[in-house]
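Number of protein chains: 2
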Amino acid sequence: MTPQAATPSYRRLGVEARRGQLLDAALALFARHPPEDVSLDDVARRAGVSRPLVYRYFPGGKQQLYEAALRSAADELGLCFDGPGQGPPAARLGRALDRYLAFVDRNDAGFSALLRGGSVAATSRTCAIVDGVRRAAAEHVLTLLEVAEAGPRLRTTVRLWLTTVEAASLIWLDEGKRPPAAEVRDWLVEQFLAALTVTARRDARTAALTEMLAAEARDA
Amino acid sequence: MTPQAATPSYRRLGVEARRGQLLDAALALFARHPPEDVSLDDVARRAGVSRPLVYRYFPGGKQQLYEAALRSAADELGLCFDGPGQGPPAARLGRALDRYLAFVDRNDAGFSALLRGGSVAATSRTCAIVDGVRRAAAEHVLTLLEVAEAGPRLRTTVRLWLTTVEAASLIWLDEGKRPPAAEVRDWLVEQFLAALTVTARRDARTAALTEMLAAEARDA
Numbered sequence: 001m002t003p004q005a006a007t008p009s010y011r012r013l014g015v016e017a018r019r020g021q022l023l024d025a026a027l028a029l030f031a032r033h034p035p036e037d038v039s040l041d042d043v044a045r046r047a048g049v050s051r052p053l054v055y056r057y058f059p060g061g062k063q064q065l066y067e068a069a070l071r072s073a074a075d076e077l078g079l080c081f082d083g084p085g086q087g088p089p090a091a092r093l094g095r096a097l098d099r100y101l102a103f104v105d106r107n108d109a110g111f112s113a114l115l116r117g118g119s120v121a122a123t124s125r126t127c128a129i130v131d132g133v134r135r136a137a138a139e140h141v142l143t144l145l146e147v148a149e150a151g152p153r154l155r156t157t158v159r160l161w162l163t164t165v166e167a168a169s170l171i172w173l174d175e176g177k178r179p180p181a182a183e184v185r186d187w188l189v190e191q192f193l194a195a196l197t198v199t200a201r202r203d204a205r206t207a208a209l210t211e212m213l214a215a216e217a218r219d220a
Numbered sequence: 001m002t003p004q005a006a007t008p009s010y011r012r013l014g015v016e017a018r019r020g021q022l023l024d025a026a027l028a029l030f031a032r033h034p035p036e037d038v039s040l041d042d043v044a045r046r047a048g049v050s051r052p053l054v055y056r057y058f059p060g061g062k063q064q065l066y067e068a069a070l071r072s073a074a075d076e077l078g079l080c081f082d083g084p085g086q087g088p089p090a091a092r093l094g095r096a097l098d099r100y101l102a103f104v105d106r107n108d109a110g111f112s113a114l115l116r117g118g119s120v121a122a123t124s125r126t127c128a129i130v131d132g133v134r135r136a137a138a139e140h141v142l143t144l145l146e147v148a149e150a151g152p153r154l155r156t157t158v159r160l161w162l163t164t165v166e167a168a169s170l171i172w173l174d175e176g177k178r179p180p181a182a183e184v185r186d187w188l189v190e191q192f193l194a195a196l197t198v199t200a201r202r203d204a205r206t207a208a209l210t211e212m213l214a215a216e217a218r219d220a
C-alpha cells in the first residue's frame, strides 16, 4: 500500500503495458534472428518474465506472438507517413521518408524479415498484415499531399512508389546503409515527382496534383 | 522396334522430357491453387503417371517439386527481358514488357504465388530463387540497353524499376487485368525513362545512358 511495497526488481504492469513489454522483447529478437530461431523462452528471458506469463498473453504461442510483433512493426512503419503536415508537400514527404529510413535503420533485420516474407512463419495472414499496412501507408501519403479524392491511376502510382521505397530500403540495408539516408531520401522524393509526372500524362487528377506541387515548390 | 510398338495411350519419354512434363503439370496446378492445396497425387493424375514415378523424379516430394516449378517459372519470367535486341531501346524494352505481361496473363495465379511468397511453402530457399531471377532480369535489362558497365546507382535504378514492374503486374491482376496490358506497358517504359532521368542527376554513367536513349529516340 506504500510506495515501498513495490521493489525495483519486481514491477506490476497493467495488461496493456505488459503486452507491450512482451511485444518489444519479441520485436527485438525477431529483428535480429529469423523467427524459426526465436523461442518463447527467449522472449520470456528477454522480458524478464516466466514462460507461462508469455503464454497467458499469447495463448497461440510463437505464431501469435510473431504475428502481433509483425503487426506492431508494420503499424509503426505505416505511421511514418502519417506525420505533421507543415511546409511544402515535397518537404513533408521528405520528413516522412526520414522517419521511415530511421525506422529501417533501427530495426534492420526485422525490417528485412517483415518485407522479404522469406520465413517459415510467413502465412497468408502475415502477408495480409503487410498488405494492409501498405494500403494504409498509401492513404497516408495521399492525405499528406492533401489529395481529397484519388482516382485509380493516382492511387496505383502512390502504391508503386511505396514498393520502390521498400525495395530501396532493402537494397540500402544490403549495401551496408550506403549511400547516406539523406541521399536515398532525396532520390526517392524526386522519383515520386517523376512518377507522378508520367501518370499525369494520362490522368487529369494526377495532372492537377503535379501542378499544385510545382506551384508550391515555386512559392516555397 | 516399329512405330506401332508404342500405343498412343502410353508414351515413353526421355528423362528430361518426363521431368519437363511433370514440371508443366505441377506449374499448371500451382498456378491455380496455393501450394498447400496441391498434392503429389494431383500432380501425378494431371501428368497421367503414377505417384511413385513423380517420387522417382522428385525424391524430396512436394517441397522439391514446388521449388523446381518455382525456378522454372522464375527462369521463364527472367528470360522475358532477354529477347532479340532490334530497334530503339525503348521499343526493345516495350517488347520485353509485352512478353512479361503475356506471361503474367497466362500464369496469373502462379505469378501471384511466386511473387507474394505468401505461402506456407515459402522458405529462404524459395526466396533466393526469386531473388536470383530478379538479379538476372536486371542484367538482361542492362544488356538490352547495351550498357557495358553499370555503376551501383544505375544498377539499383534498374532493379527498383523491376520491382515496380512486378508490383504493377500484381495490381494489374488484382484489378481484373485493367487497364489493357499495352497501357501498362507504355506507362512502365515511361516510368523507367523518368527514373533514369532522376538518377542521371547524380550519376554520370546514367546521364550518358539517358542521352543515348534520347538520341536514339530522336533518330527513330
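Top line first, the protein sequences correspond to chains E and Y. The first sequence begins at 1 in this note's numbering and counts up by one. The second sequence begins at 1 in this note's numbering and counts up by one. The beta carbon of each residue, even a glycine, is placed where N, CA and C say it ideally should be.
- Mind listing the chain Y neighbours of E/Leu160? Cutoff is C-beta to C-beta under 7 Å, in chain order. Going along chain Y in sequence order, the residues near E/Leu160 (Cβ under 7 Å) are Thr164, Ala167, Ala168.
- Of all the residues that make up the segment 194 to 219 of chain E, which are near chain Y by a beta-carbon distance shorter than 9 Å? Of all residues in the segment 194 to 219 of chain E, only Ala194, Ala195, Thr197, Val198, Thr199, Arg201, Arg202 come within less than 9 Å of chain Y when Cβ atoms are compared, listed by chain position.
- Going along the chain, which residues of its own chain have a beta-carbon closer than 7 Å to the beta-carbon of Y/Ala168, five neighbours each way excluded? Taken in chain order, the residues that qualify are Val184, Leu188.
- Item | Of the listed residues Y/Arg205, Y/Leu77, Y/Gly87, Y/Asp131, nearest to Y/Asp232 (C-alpha basis) | Coverage of chain Y is limited to positions 1 through 220, which leaves residue 232 of chain Y absent and any answer about it impossible.
- Item | Straight-line gap, Y/Ala90 to Y/Ala195 (C-alpha atoms, nearest Å) | Straight across, the Cα-Cα distance linking Y/Ala90 with Y/Ala195 is about 14 Å.
- In terms of alpha-carbon separation, which member of Y/Ala69, Y/His33, Y/Glu36, Y/Ser39 lies closest to Y/Gly20? Each of Y/Ala69, Y/His33, Y/Glu36, Y/Ser39 was checked against the Cα of Y/Gly20, and the nearest Cα belongs to Y/Ala69.
- When the distance is taken between beta carbons, is Y/Tyr66 closer than 8 Å to Y/Val165? The criterion of a C-beta distance shorter than 8 Å is not satisfied by Y/Val165 and Y/Tyr66.
- Query: Contact check, Y/Ser72 vs Y/Leu29 under 8 Å by CB: the rounded distance?
  - Reply: The C-beta distance from Y/Ser72 to Y/Leu29 rounds to 13 Å, too long to fall under 8 Å, and the pair is not in contact.
- Burial state of E/Asp203 (16 or more Cβ within 10 Å): Counting Cβ neighbours within 10 Å, E/Asp203 comes out buried, since at least 16 surround it.
- Query: Since Y/Arg205 and Y/Leu154 are thought to touch, with beta carbons under 8 Å apart, how far apart are those beta carbons, to the nearest angstrom?
  - Reply: That pair is a contact at about 5 Å.
- Step through the CB atoms of chain Y and report whether any lies within less than 8 Å of the CB of E/Ile171. At a cut-off of 8 Å between beta-carbon atoms, E/Ile171 makes contact with chain Y.
- Item | Residues, ordered as in the chain, of the segment 170 to 190 of chain Y that lie near chain C by beta-carbon distance below 8 Å | Reference to chain C is not applicable here, since the protein chains of this structure are E and Y.
- Task: Measure the CB-CB distance between E/Ala31 and E/Val43 and report whether it falls below 8 Å.
- Result: In this structure, E/Val43 does not lie closer than 8 Å to E/Ala31 by Cβ.
- Message: I'd like the span of the alpha helix (DSSP H) that includes Y/Ala47, first residue to last.
- Response: Its alpha helix (DSSP H) spans residues 40 to 47.
- Query: Should E/Phe192 and E/Trp172 be called a contact, given that it needs their Cβ atoms to be closer than 8 Å?
  - Reply: For E/Phe192 and E/Trp172, no; Cβs fall outside 8 Å.
- Message: If contacts are defined as beta-carbon pairs under 8 Å, then Y/His140 and Y/Phe58 qualify, I think. What distance do you get, rounded to the angstrom?
- Response: Actually they are not in contact, since the Cβ atoms of Y/His140 and Y/Phe58 sit about 29 Å apart, beyond 8 Å.
- Report all residues from its chain with a CB closer than 6 Å to the CB of E/Gly94; omit the five preceding and five following residues, and keep chain order. Cβ within range, chain order: Arg185, Val189.
- Just how far apart, CA to CA, sit E/Asp219 and E/Arg159? The alpha-carbon atoms of E/Asp219 and E/Arg159 are separated by roughly 28 Å.
- Task: Since I believe Y/Thr157 is in contact with Y/Thr199 (beta carbons under 8 Å), could you give me their beta-carbon distance rounded to a whole number of angstroms?
- Result: Indeed, because the Cβ distance is near 4 Å, the residues count as touching under 8 Å.
- Message: Is there a Cβ of chain Y sitting closer than 8 Å to that of E/Thr156, yes or no?
- Response: Under the 8 Å criterion on CB atoms, E/Thr156 is classed as interfacial with respect to chain Y.
- Any idea if E/Val147 is buried or exposed, counting beta-carbon neighbours within 10 angstroms, 16 or more meaning buried? E/Val147 should be labelled buried.
- Sorted by chain position, which residues of the same chain lie with C-beta nearer than 7 Å to E/Ala96's C-beta, five sequence neighbours on each side aside? Same-chain partners within the cutoff: Cys80, Phe81, Gly83, Leu144.
- Query: Is the beta carbon of E/Asp41 sitting closer than 8 Å to the one on E/Arg51?
  - Reply: Yes, they are a contact pair.
- Message: Starting from E/Gly94, trace the alpha helix (DSSP H) in both directions and tell me its first and last residue.
- Response: Note, E/Gly94: alpha helix (DSSP H), 89 to 106.
- Query: Excluding the five sequence neighbours on either side, which residues of its own chain have a C-beta within less than 8 Å of the C-beta of E/Thr197, listed in chain order?
  - Reply: Here the set comprises Thr210.
- Have a look at E/Gly60 and E/Val54 and give me their C-alpha separation to the nearest angstrom. C-alpha separation (whole angstroms): 10 Å.
- Buried or exposed: where does Y/Pro152 fall if 16 or more other Cβ atoms within 10 Å of its Cβ makes it buried? Only exposed fits Y/Pro152, as fewer than 16 other CB atoms lie within 10 angstroms of its CB.
- Message: I'd like the list of long-range same chain contacts for Y/Ala74, defined as Cβ closer than 7 Å, with 5 residues on each side in sequence excluded.
- Response: Here the set comprises Leu114, Ile129, Val130, Val133.
- Query: Buried or exposed: E/Leu13, going by 16 or more other Cβ atoms within 10 Å of its Cβ?
  - Reply: Taking all protein chains shown into account, E/Leu13 has fewer than 16 neighbouring C-beta atoms within 10 Å of its C-beta and is therefore exposed.
- At a Cβ threshold of 8 Å, is E/Tyr66 touching chain Y? No, because no Cβ of chain Y sits closer than 8 Å to the Cβ of E/Tyr66.
- Query: According to DSSP, is E/Leu13 helix, strand or coil?
  - Reply: In this structure, E/Leu13 counts as coil in the three-state DSSP scheme.
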